[in-house]
Structure formats: structure tokens, C-alpha cells
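**Student:** Take a look at the following structure, please.
Protein chains in written order, with our numbering: chain A, 1 to 287; chain B, 1001 to 1825.
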């Protein structure tokens, strides 16, 4: 079990204890006081774990919604019925990333990790991702949390996404050889672009950058040349393709693995070119 | 009679009845493959591929570049379980969560037994590189399993086949063509396993270019396998760079034994160079645009290669390749070899400005050629997807499947919008294919029609557009995958089963079973069968196969020959070459009937004077009839039992006799005659009728009736009643005989007092009945007979303590016994 899964399982366990989400209904009333005491005791620890685990839940989800369980062991149209599939009515979409869309009010199928923990009629927050899309959605469960205020939940999810985005950008900034604010000049094809070895080659075009500020790294002696991948195939479709005269923040990457046959810096990842509006964020994260 | 006439004239003249009301399916069906639940989708989905399960063509798997959903470790594959009418995206391709593309290049094949799907992919996300994956889950509900160790290479192109016969029968074999830069310059490679279905198949990398390429072989390496173990592979062998591209040989290599010949893939030697691999064309220029532009239809143009083999003849091989000869830039060529790749025909088709070719050969040897052509001149270019078909390779039809602007404001934006491959396969007679096209409801045309699964405005809307999953939002047009099915085979339809109703056993019922063809091609019927031998579908005089043209029906004669009585059913199975419904089962019902015997009830005769007194007798009509709807055969009628000699039959015909429905034995003149031989209260017998109860088997049954009569002498029986109720005792009964006419002579015959009521009970199980009387003459309790004559009977009873009397006169003749003298007070 990897760390994320472990923390997620802890979250599931703690949540069950904290809120009596699935299991406290069956607790005798006499035990509630003990549970309350346990909650108060564990609260600081549990809260700390919940925050990091919540981000992980969001990281691993593509469709988060609040729903009502309709049936266990059943499925919606075009989704295969399995022992652990449940029909859940989507009451409110908290976050939907493509291709989930907006199925508010419709039934979806959730493939539960532990189907015995939830019963028809229960409401919950489902962290899922799509595994089947036809006439209805099939969703794999990442985690299930109790219902909470939807506005609060949306804010938490939004904050988690921002945390994840910052993590990704931080990693990219750290990897970058140089981070500059500048304007891209006219690009010209390299020999690699004129005579590719494969249709999946990046097709590097070289362009100078007129630098206005250095956010990371020192001004080199010569001009700063960046290689732009002009290929639109699956490997390079997301690589930034700034046009001449375009101003932005450029995370200039080096070819550390020496996998390209051209010199200079490279724009490889979608995060390697950002609009000027992101400058404050970049400066915050680069520290 | 109609049937007999039908089956005696030539088949091709009479057998086909055109049914005007039959709705014939469209031959070409185009379906947009984006599922309804992905109605928000606006990505450019390019480079589609399709595989059809040969054992069940309703199951189809297709790939196209789509996003992997965030969170999902697996990317979507489009699957259909209804022959391509509807599609579901199932995330089963190993990928990376949220990957921009579900996978890089991907090709798919089912094994020929239809139990497994194999794919060669360029993995999106770590570890990247070539992966060969598989699933045996034909619901495509579980992620595909990786079979090999990945490594960097390009354009995996898969062929799969299940060995039939021989020691390796049942083994799945894979050939994955790819271009591996690590092997440059001879980079054309086939990854091969001869047993793919085991847990850890062994793959070997076979470098198939035995020549001397310059720099490298081109990207496209296309293997294809035949059922007899001939494996062909085509590739471009680069011979040298030229401006804007390179010169290349278009090479076909072959292995005659599943790729296991040593050295492999060297069974075909070029007739000129004597190097392994026959040049289809040598050193032809191939441009490589190394990018795309509006003038190029916003796509990349390079080599284009497709190879296929005739499923009915492994020596007939078809290839499509592209070149860029001066004056005819980027032209695709379709050629054929009829000698296993040794020599090649001139172009069967030559298409300029075209790419993404695919060839499929159906079971009839018909050629399907699919390609996408950039027509017009900039800025008015259009991408058109064409399907061409030919039975000979000489004359071709042309179906435009899609047509959209490639340039200008109405064109889709972006680059490499359709990609560099698509696919088409043939299963049976039908063609199945996928292509990508702009889906714009305004600017894209689908001349053969199109079906949408995604939300859209209704047909005829003023401003047609797509609608999102929320049912409200407008969704922008984009490049989508499209599936098409060309039905060359017929489609069987049996409008109804067969209901014979009642059929008499021993006879043969006949009915018509119409088998219709609602498909767009001929339907070939191969056999019929019945689950019940009493039902049979008559094989036409010309035998099978029977060909039914589209929109026509064939009237099969169905017979019902009962072998027993009662309700009968059968399942009639009609086998045909309908691709999706190879056999149809319909119900046949019948009621096997026989005649039904109707008999008179038990017979009870009036007291009859015994033979020793005189030749006296009584008779009763006895009805033996057929109350059913079928003929009834009576084989015998006999009288038996204790006093059978007292009875006889009159009006009896000779047996056996067959009664038609409603008829009677002896035409109603059959009588049972009672002539008792002894004085007795009960003279009993039984009349038994034997008839054929199951005409099919000849089995007979017997039904019997009881006979009962009383043997008496001439006489009478007196019962005294009061108000209709027998009195317990008559005070006095006296009887005098009178004779002499007007002279009035008389003589006392009998005078008894205090005569008690007597009851003679009947023997149970007989036709006899109880008898009550106070005094009888000539019968069991008083055998003294009355001589024929006139009698005066006087009866006295006491009513309320007073004696009252009545007098009754009766007559006794020579066979007379008056058994019903009731004197009522």
C-alpha cells in the first residue's frame, strides 16, 4: 500500500469514528458519550491528517459530488452490474472534470471500494473518477465522506486544487534551469524539424527570447534561445507553442538527459509558459 | 396445392416473393461514436482504429485519441455491444491519470476465435514506449493487461490470429509491426509471440528489413496474417533523402509458417534484387511534410501504408501505399498480388491528394478501400472520407461518408486534425470502419446519413448545434470519431412462427413459414432444423443454399406429421449468413387430433318374456358415433358378460369401418336385442366398442356399456301407491281373468291380503335398476305366469282406518308383461 492509499484508509477510518457516518447508527446510545470523548481526544490529530488526505482525495478524483444511494449491487444503463456497484443519484456536483459533465439529478453508478459500508437511502460525498461513459456514468470510488455544507466543501476542493497546482508548478520551477519574463522572437526550424526521424519527434523550432526580468538564474553571456516543439502529436500537443511577439513567463528547461539533438533551452511542459498574470504566484512559489 | 406447385418449378424463378411492406435496412450506417454522457466533449479526436469480434460482430472495440479522465489510471476505449449502433467509453487502456491523450498510437485486433482483444500501444505516461496489452473480458469492464516489457519504438501495428488445427490449435499468435530507432537503419521490426494467451508470452523482435535502408525504414510497418500461417508485412525502406522527403522502396516480406521459419520473414525474395522482401515499387519519392498547414488540410503528410490479405485466398494480397511523384503529389495507390506477393498488379485505384488508406476484403473477395482525400484548392479545400468498393478491382463505386471544410472560417482549427491512420475490417460480407471527421452540424456533411449519440438540437432546428450534458449549454463542434457499417449481407427476419391448429393424426399438416431478407445484400440460407421430428421444414427441390434477395421472402413449407395425440411444439431453426443473427429460432405449434367416440349410455331393457315361453324379445337403439373432427375407425363391437347369450346386435356392419365426423355406425340403425333365456331379475351383459384411438400408431382403445334386462313370463307387476308414494302394505289384491266377450265370464286368478311392499335392489355396477312392487305375476317372486287375456285387478287399502278400493283393467298378450301397473289412491 502506498502512502497515499494508507492515508486515505486512515481518513476513511477516522471519518467513520469522528462523525459516526456509517457505523454509529448502530451504536447503542450509551456509547455515544464515549465516542464523543474519543472524538475530542483525537480531533487535533485527525484534523491534521484529514487535510492532507483530503488533498490526496481530490488529487485522485475527477468527479466529486454529493449523492443519495439508491441501490447496492445494481447499475445504471450501459454500466456493468457488479456486486460492488451502487446506483447513486447525483444531488449536487461539487467538482466535475471532463468527461464527467453535469449529471445533476441523474443516476450514476459508483463502483464502491467497500460496498458493505453504505446502504440505500444514505447521502454522502463521493470522490470518484470516470471508468465508463455511455448512457450513464460509471464511477470508481476514491473515497466517501459524510455530507457537509456544499459551499464549504466546494471551497475545500478549490483550495485543494490550488495546492495541487502549486505543487506542480513548484516542481516545474525547481526543474527549470532559468525562469524569465520576456518576449519570444521569430522561430526557425531546426534540422531535426526539417528531417524528423519520427512523426512523434518534437519538431524543434528555435526562437530568441528578449528577457525583461530573470526570476530564476543569471543572464547568460549570449542570447537566450528557446526550442519550441511545433509537433501536435500526442507527445507534444501540450508543449507551449508561443508565437513571435508573445510575452510571458518562460520556464526554460535544459536537456539534462541529452535526448534532443539541438542546443538551447526547451519548453516541454504546458507549465513552461505562463501568462504575465501569473508572475506574482511564480515569485511566491519560486522562493 | 400451392406448395406442391411452388416446389416443382425452378428455384430462381419462384422462390423469392417480394414483400412490398418489408423495411429494408440501409446499406451504409454512419454513427458518431461520442457517447451521450460525453456530450460536453470538444477535443479533436484523431487516429481511430477498430476491431470487430469475428465470433460475435455485435462486439466492437475502437480506439481514438481522447483524454484520460482525471483520477483514472486507464484511458478510454470505445466499445459497442450492438454492432456499432451505440458506443460506451470504457477506461481500460493503461494510461496516466488526466493524460491529455489516453494513449499514443494504438491498433487493436481480436483473436480469430473472438475470445481476446489485443492491442499495441505507445503508452501515455510512464513508462511510455511500446506496450502490448490484452483482455479476455468481452464486456471491457476491467483494465487491459500488459503482456510485454515496454521499450521505445513507434507505430505499433498489430495482427492477431488463433491457430486452427494442427498441434498448436487454439494458440493465439501476435505480430506487432513497429519502427524501432534502436535498430536503425533497418528499423522495421515485428514483435512476435507464437503463444499470446499464456500468462507471460515470449516476444521476439524480428528485424524484417534484410536490405540496406538509408538512415532508417519509415514509420509504417504493417503485418497481416492469414489463417494458413502466411504472415505478410509491408514497410517503406528508405533509399535516400530528397528534397522534402525521401525515396523509398515499398517492400512486402512474407513468412510461410507463422513467422517461425528460420530465418523468419524471408520466404519472399525480390525478383530483381534477390534480397528478402519483394518491392511492390522501388525507390519511389515519399514526401514528409514534417508539420501541417492550412494548405495541407491542417494535417501531416508522410508515407501511408496498408496491407491486407484475402480471407479466402492467402495468395491474394492487397497493398495501399502513398508516394509524391512529380505532378501528382501525395497519391495513394491500391495494388494486388495474386501470387503471395511475388508480383503486383498496376494500380487498381489511384487517388490523388489522399491519405489514411485502409483495405478490407470480405468473404466474397469484394474489395473495400477507405481513404480520406483533400479536395479543392486552398482556401476552399475539403476533407472527404470515401469508401470505394469493387468485386473485381476494375470498376468501383464511391460512397462519400463525410465531407467538411479543411480551410477557411468554417474549418476546424488545430493541426493534425485527422491524424495519420484509420481502419476498416471485413467480417463475413460486411465492412466495418472508423474515421475521424469534423462533426459540425452546419458545415460538415454526411451524405450517407449519420446517427448522433451526443446531445444536439432536433433535426431541422434553425441553428443546429450540440448541447452539453446539462441539457442547456452549447457545445462547440470538434473532430470526432465516426463508425460505419456497410451491410453487404442480408438480414434475416421471420415475421411469425407457424401455427398449424388442429391436425388429424394420420394426416400431414402443411403451413408456410416466410423467411424474409430485410438486409441490403443477398441473404444466403444454409440449413433448417426442427427440435421435434413431427415438424419438418421441407428442403426445397434445389436444396440449400437458398439465396434471398433484399426485400424478398422465401416461403418454406413446414409439415406437421403427428406421431401422437395432443398439443405439440417445436423450435424451428433457420441458419443463414446473417452476420449478427446467424440462426433464428421460431416456434411451431400444432394440436394432433383424432376422432372421438360417442356411445349411448348403459342400456336397461323392459322386462322381456323368456324364450321358453315364446319367441319374445325387446330391443334398444345403440348409438356408436364419431363426435370429433377427425375420422374415427371402429374395428369391432362385441357383447360379452354373464348373460351375453341373451343379447344380440342388429344393424351391425362389417368391421373395420371409418366414421367421418358426425357419422354413426349403421347409420343409426344399430340396435341391441334382448331375448332372455331364463327367468331372472337381472340378466346382464356388456357391449364393447373397439376403435383406433391413435391413428398415428394404430393403437386401439375399448369403451364399453352395461346391458341389463329382466327375464319374465307373461304377466304383470302391481305397485300400490297413495298420493304417488308406495304404501307399505296393501290390504287386499285380487285378480280376475275375463273372457267371453260380452258374456263376461271371469275367473279368479289371485287374491292375497296384507300384501307388503317389496323392493328388489339392483346390483351395483350394472345397468340394472331397483324394482318396487306389491304383487307380481310371471316374475321372480311369483313365477306363475298370466295366460294371455284380459284381467281385472282390484286393490283395497286402508286409509284413515277405512277400507277403500280401486279396480284396474289390463291386458296380457302372448309376449306381454305389464310391469308398470300402478294403482294410486
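Backbone N, C-alpha and C fix where the C-beta goes; we use that ideal spot for every residue, glycine too.
Going along the chain, which residues of its own chain have a beta-carbon closer than 6 Å to the beta-carbon of residue 194 of chain A, five neighbours each way excluded?
**Tutor:** Within the same chain, residue 194 of chain A has no close Cβ partners at all.
**Student:** Comparing alpha-carbon positions, which option in A/118, A/137, A/87 lies nearest residue 103 of chain A?
**Tutor:** Nearest option by C-alpha distance: A/137.
**Student:** Which of the residues in the region 1448-1471 of chain B, read from start to end, lie with their CB under 9 Å from any CB of chain A?
**Tutor:** Answer in chain order: 1453, 1468, 1469, 1470, 1471.
**Student:** Against chain A, does residue 1072 of chain B count as a neighbour if the rule is that its beta carbon must be under 9 Å from one of theirs?
**Tutor:** Chain A, which has a Cβ nearer than 9 Å to the Cβ of residue 1072 of chain B, makes this yes.
**Student:** Considering just the uninterrupted stretch of the alpha helix (DSSP H) at residue 1220 of chain B, what are its terminal residues?
**Tutor:** Unbroken run through residue 1220 of chain B is the beta strand (DSSP E), 1217-1225; no alpha helix (DSSP H).
**Student:** Alpha carbon to alpha carbon, what distance is there between residue 1650 of chain B and residue 1684 of chain B?
**Tutor:** Cα to Cα, residue 1684 of chain B sits roughly 18 Å from residue 1650 of chain B.
**Student:** Comparing C-alpha positions only, which one of B/1376, B/1397, B/1434 sits nearest to residue 1356 of chain B?
**Tutor:** The option with the nearest alpha carbon to residue 1356 of chain B is B/1434.
**Student:** Taking the alpha carbon of residue 1459 of chain B as the point to measure from, which residue in B/1472, B/1442, B/1469, B/1756 has its own alpha carbon closest?
**Tutor:** Among B/1472, B/1442, B/1469, B/1756, the Cα nearest to that of residue 1459 of chain B is on B/1442.
**Student:** List, in chain order, every chain A residue whose beta-carbon is nearer than 8 Å to that of residue 1035 of chain B.
**Tutor:** The contacting residues are 78, 133, 134, 135.
**Student:** Return no unless some Cβ of chain A is closer than 9 Å to the Cβ of residue 1415 of chain B.
**Tutor:** Cβ-Cβ to chain A under 9 Å: yes for residue 1415 of chain B.
**Student:** For residue 1354 of chain B, which residues from the same chain have a beta carbon less than 6 Å from its beta carbon, with the 5 sequence-adjacent residues on both sides left out?
**Tutor:** Correct list, in chain order: 1332, 1371, 1373.
**Student:** For residue 280 of chain A, which three-state DSSP category applies?
**Tutor:** Helix, per DSSP.
**Student:** With 8 Å as the C-beta to C-beta threshold (strictly closer), list the residues of the region 89-114 of chain A near chain B in chain order.
**Tutor:** Answer in chain order: 97, 98, 99, 100, 101, 102, 103, 104.
**Student:** Are there three or more Cβ pairs, one per stretch, closer than 8 Å when the region 1164-1174 of chain B is compared with the region 1182-1200 of chain B?
**Tutor:** Output reads yes: the region 1182-1200 of chain B touches the region 1164-1174 of chain B.
**Student:** Using a C-beta cutoff of 9 Å, does residue 233 of chain A count as contacting chain B?
**Tutor:** Interface residue, yes.
**Student:** Excluding the five sequence neighbours on either side, which residues of its own chain have a C-beta within less than 8 Å of the C-beta of residue 128 of chain A, listed in chain order?
**Tutor:** Here the set comprises 61, 62, 63, 64, 65, 110, 139, 140, 141, 142.
**Student:** Report yes or no: do three or more beta-carbon pairs, one from the region 1674-1683 of chain B and one from the region 1705-1722 of chain B, lie closer than 8 Å?
**Tutor:** Flag = yes, the region 1674-1683 of chain B and the region 1705-1722 of chain B touch.
**Student:** Given this structure, state the Cα-to-Cα distance separating residue 1678 of chain B from residue 1815 of chain B, to the nearest angstrom.
**Tutor:** The alpha-carbon atoms of residue 1678 of chain B and residue 1815 of chain B are separated by roughly 14 Å.
**Student:** Just to confirm the assignment, what range does the alpha helix (DSSP H) spanning residue 1776 of chain B have?
**Tutor:** Element bounds for residue 1776 of chain B: not the alpha helix (DSSP H) but the beta strand (DSSP E), 1775-1777.
**Student:** Please confirm whether residue 1567 of chain B has its beta-carbon closer than 9 Å to some beta-carbon of chain A.
**Tutor:** Cβ-Cβ to chain A under 9 Å: no for residue 1567 of chain B.
**Student:** If you reduce the DSSP assignment to three classes, tell me which class residue 965 of chain B lands in.
**Tutor:** The question about residue 965 of chain B has no answer here: the residues shown for chain B are numbered 1001 through 1825.
**Student:** Taking residue 75 of chain A as the reference, which of A/86, A/68, A/69, A/54 has the closest Cα?
**Tutor:** Closest option to residue 75 of chain A, Cα to Cα, is A/86.
**Student:** Output, in chain order, the set of chain B residues within a Cβ distance shorter than 8 Å of residue 146 of chain A.
**Tutor:** What residue 146 of chain A touches in chain B: nothing, since even the nearest Cβ is about 21 Å away.
**Student:** Using C-beta distances below 6 Å, list every residue in its chain close to residue 1318 of chain B, excluding the 5 sequence neighbours before and after it, in chain order.
**Tutor:** The answer, listed in chain order, is 1308, 1336, 1359.
**Student:** Cβ of residue 193 of chain A less than 9 Å from any chain B Cβ?
**Tutor:** True, the Cβ-Cβ gap to chain B drops below 9 Å.
**Student:** Could you tell me which of B/1314, B/1099, B/1139 sits nearest to residue 1070 of chain B, measuring between CA atoms?
**Tutor:** Minimum Cα distance to residue 1070 of chain B is reached at B/1099.
**Student:** Any C-beta of chain D sitting closer than 9 Å to the C-beta of residue 1181 of chain B?
**Tutor:** Although the question refers to chain D, the structure presented lacks it and instead comprises the protein chains A and B.
**Student:** With a threshold of 8 Å, are at least 3 pairs of Cβ atoms found where one atom belongs to the region 1583-1599 of chain B and the other to the region 1636-1653 of chain B?
**Tutor:** Segments in contact, no.
**Student:** Contact criterion: CB-CB distance below 9 Å. Does residue 1045 of chain B meet it with respect to chain A?
**Tutor:** For residue 1045 of chain B, the answer is no, since every Cβ of chain A falls outside 9 Å of its Cβ.
**Student:** Which residues bound the alpha helix (DSSP H) around residue 166 of chain A?
**Tutor:** Looking at the DSSP string, the run of the alpha helix (DSSP H) that includes residue 166 of chain A is 150-175.
**Student:** Please confirm if residue 1040 of chain B has its CB atom under 9 Å from at least one CB of chain A.
**Tutor:** Chain A contact via Cβ: present.
**Student:** Quick check on residue 257 of chain A: does DSSP put it in helix, strand or coil?
**Tutor:** Three-state DSSP puts residue 257 of chain A in coil, outside helix and strand.
**Student:** Note down, in chain order, every chain A residue with its Cβ under 8 Å from the Cβ of residue 1420 of chain B.
**Tutor:** What residue 1420 of chain B touches in chain A: 199.
**Student:** Can you grab the Cα-Cα spacing for the pair residue 1365 of chain B / residue 1388 of chain B, in whole Å?
**Tutor:** If you take the alpha carbons of residue 1365 of chain B and residue 1388 of chain B, they lie about 14 Å apart.
**Student:** At the 9 Å Cβ level, is residue 1100 of chain B part of the contact set with chain A, yes or no?
**Tutor:** It does: the Cβ of residue 1100 of chain B has a partner Cβ on chain A nearer than 9 Å.
**Student:** So, is residue 186 of chain A buried or exposed, given that buried needs 16 or more other C-beta atoms within 10 angstroms?
**Tutor:** It counts as exposed.
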